[in-house]
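Colleague:
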């Protein structure tokens, strides 16, 4: 790996940690919300679970979109680095 790739990974790590945490919170909220709906309970926990579950259902697609965007950007940077490596090798040969 080149230095640019390593620095890109280091820049991506905080975003990935945030997305991972949001996914866990959203999953717990969504599961709790669906379980409360299935069990038919109507108390304060249901209200909190409904709020967290609704936020979770909204956050999950956004976080997956951000995650795949990060991965796509990383892969495109790898392709660019590979192309620059090829051109540098050609320059050395000539």
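In the numbering used here, the protein residues as written are 199 to 292. Just so it is clear, CB atoms sit at the ideal spot from N, CA and C, and this is done for glycine as well. The structure presented is a predicted model; accordingly, all values stated were derived computationally and were not measured.
Go through its chain and collect everything with a Cβ distance to residue 210's Cβ below 6 angstroms, but skip five positions before and after it.
Modeller: Reading the chain shown from its first residue, position 12 is the one you call residue 210. Cβ neighbours of residue 210 beyond the five flanking positions: 268.
Colleague: Does the separation of the CB atoms of residue 230 and residue 250 fall below 8 angstroms?
Modeller: By one-based count along the chain shown, residue 230 stands at place 32. By one-based count along the chain shown, residue 250 stands at place 52. Going by C-beta atoms, residue 230 is nearer than 8 angstroms to residue 250.
Colleague: Taking contact to mean at least 3 C-beta pairs separated by less than 8 angstroms, is the segment 255–265 in contact with the segment 217–229?
Modeller: With the cut-off at 8 angstroms, the segment 255–265 and the segment 217–229 touch.
Colleague: Determine the closest residue to residue 266 out of 201, 208, 214, 205, with distance taken between C-alpha atoms.
Modeller: Reading the chain shown from its first residue, position 68 is the one you call residue 266. Comparing Cα-Cα distances from residue 266 to each of 201, 208, 214, 205, the minimum goes to 214.
Colleague: In whole angstroms, what separates the C-alpha of residue 247 from that of residue 208?
Modeller: For the purposes of this step, residue 247 is taken as the residue at position 49 of the chain shown. For the purposes of this step, residue 208 is taken as the residue at position 10 of the chain shown. Cα to Cα, the separation comes out at about 35 angstroms.
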